[in-house]
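Undergrad: Residue numbers (UniProt numbering): 1 to 157. First the structure, which I've put down as structure tokens, then a few questions once you've had a look.
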Amino acid sequence: MPALDRVDLELLTALSEDPRMTVVALAERLRLSRNTIQARMARLDQSGVFESYERSLSTEVLGFPLQAFISIGLRQTELPRIIAELARVPEVVQAHGLSGSIDLLARVACRDARHLFDTDARILSIEGVERTETSLAMGEVIPFRVAGLIGLARREA
Numbered sequence: 001m002p003a004l005d006r007v008d009l010e011l012l013t014a015l016s017e018d019p020r021m022t023v024v025a026l027a028e029r030l031r032l033s034r035n036t037i038q039a040r041m042a043r044l045d046q047s048g049v050f051e052s053y054e055r056s057l058s059t060e061v062l063g064f065p066l067q068a069f070i071s072i073g074l075r076q077t078e079l080p081r082i083i084a085e086l087a088r089v090p091e092v093v094q095a096h097g098l099s100g101s102i103d104l105l106a107r108v109a110c111r112d113a114r115h116l117f118d119t120d121a122r123i124l125s126i127e128g129v130e131r132t133e134t135s136l137a138m139g140e141v142i143p144f145r146v147a148g149l150i151g152l153a154r155r156e157a
């Protein structure tokens with residue numbers, strides 16, 4: 001991953017403030033040519049700066065208002081297969097591997113408590129999953145954000 005320079009960080013700041021900003025608008029804001037912006041965007045994309053182009057959608061509007069986090073303990077030797085099976089559970093909207101006593105943390109979205117119970121049971125039935133613990137999400141208090149990190153990087157650059 002190449003080091004990010006001042007212009008890269010200004011570009012990322014603008015995109016974090018308005019992810020739908022067009023290349024033309026970015027060029028105007030940063031006072032650079034459209035071609036320069038496109039070249040930098042392509043380089044940033046190729047270097048892995050942009051993780052996903054998937055639009056963030058409300059699970060509640062889709063009919064799945066209940067969110068929970070399921071901590072999963074498993075047999076480590078079967079981790080790749082278990083992750084593949086977990087990825088086939090549509091209610092799992094995100095999962096992270098963890099260090100410590102919990103191996104995976106899955107974020108799930110469900111219609112109601114019964115649906116959550118069934119989803120947890122499906123996860124627990126995956127061969128190699130040894131235990132689960134479910135915690136209801138009461139509400140998102142700090143959404144995913146990177147603007148603060150970009151600000152730190154800009155001060156350090």
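By construction, the Cβ of each residue, glycine as well, lies at the ideal position given by its N, Cα and C atoms. From a predicted model like this one, the values you see are computed outputs, not experimental measurements.
Can you give the beta carbon distance from Leu4 to Ala147, rounded, assuming they're within the 8 angstroms contact cut?
TA: Actually they do not touch by this definition, with Cβ atoms about 14 angstroms apart.
Undergrad: I think Ile82 touches Val129, with their Cβ atoms under 8 angstroms apart; what is that distance to the nearest whole Å?
TA: That pair is a contact at about 6 angstroms.
Undergrad: Quick one: is Val108 buried, meaning 16 or more other Cβ sit within 10 Å of its Cβ, or exposed?
TA: Buried, since its Cβ has 16 or more Cβ neighbours within 10 Å.
Undergrad: Would you identify the three-state DSSP class for Ser47, choosing helix, strand or coil?
TA: If DSSP states are grouped into helix, strand and coil, Ser47 belongs with coil.
Undergrad: Going by the DSSP bridge assignment, what does Glu133 pair with across the sheet?
TA: Beta-bridge pairing links Glu133 to Ser71.
Undergrad: Which residues does DSSP list as the beta-bridge partners of Val92?
TA: Bridge partners of Val92: Val108.
Undergrad: Could you tell me which residues DSSP puts in a beta bridge with Ile66?
TA: The amino acid at residue 66 is misidentified as Ile; the sequence shows Leu. Looking at the DSSP assignment, Leu66 forms a beta bridge with Cys110.
Undergrad: Can you tell me whether DSSP reads Gly100 as helix, strand or coil?
TA: Looking at Gly100 - three-state DSSP - the assignment turns out to be coil, as it is neither helix nor strand.
Undergrad: Run through DSSP, which three-state label would Asp8 get?
TA: Three-state result, Asp8: helix.
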